[in-house]
Amino acid sequence: MEASPAPQGITCTTKGCSGAYEGPEFVNGSDVAHQFSNTMCREVGDQLKALYRQGQFVQVDFPRIQMTTQGMGTGTVRYYVSIPFKRVADSCLAFTAFDHVGGWNHAPALTQRMAQLQPALMEGEQLYLSELRTTPEGLQEYWIQWRHATVQQGCGLKIED
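Take the sequence shown: its position 22, counted from the start at 1, is 33 in this note's numbering, and no numbers get skipped.
Laid out in structure tokens, this is it:
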């Protein structure tokens, strides 16, 4: 499985997902440009799960994530993001769920987002966070990955009687 096209110009391969949004920053007060991060997260999560099911164990390589923005404040923005993967040796070292929290020119609501994601975790699991990534134009993102409770249920905490 090399490359598969996805919505809004996102392409995913065995090495990662990348894509760009170009268009209005806001429509009726809604931050449509930043919503591209939501779309990217869905595609990355789907690709992580697909690779896992094929026996290709990976996780997002946080330090190598690239984000660029152009045109903020002009009405039309271009937002590019690349989410690379790195191989891991074992199925339980892989991650199969991916999300983000962020925004334009304001601190991301990290504590709130972490609390929202807690129910998705298996017992004994945790969320893994990137460092805060910021573009020169002020887009700020934390990227988040974890083991999907259904896909990786065999990797959960083993409780002994």
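From the three backbone atoms N, C-alpha and C, an ideal C-beta is built for every residue, glycine too.
Since we're looking at a predicted model, the values are computed, not measured.
Using the Cα positions of G82 and T145, report the straight-line distance between them to the nearest angstrom.
-> 15 Å
Drop a sphere of 10 angstroms on the beta-carbon of E142, count the other beta-carbons inside from all chains shown, and report buried for 16 or more, exposed for fewer.
-> exposed
Beta-carbon proximity list for R98, same chain, < 7 Å, skipping 5 on both sides = F68, V69
Should H117 go down as buried or exposed, given a rule of 16 or more other Cβ atoms within 10 Å for buried?
-> So H117 ends up on the exposed side.
Cβ pair count under 8 Å reaching 3, the stretch 56 to 63 against the stretch 72 to 79 = no
My understanding is that G113 touches H45, with C-beta atoms under 8 Å, so please give their C-beta distance in whole angstroms.
-> 7 Å
Could you give the DSSP three-state label for G56: helix, strand or coil?
-> Annotated three-state conformation of G56 is helix, per DSSP.
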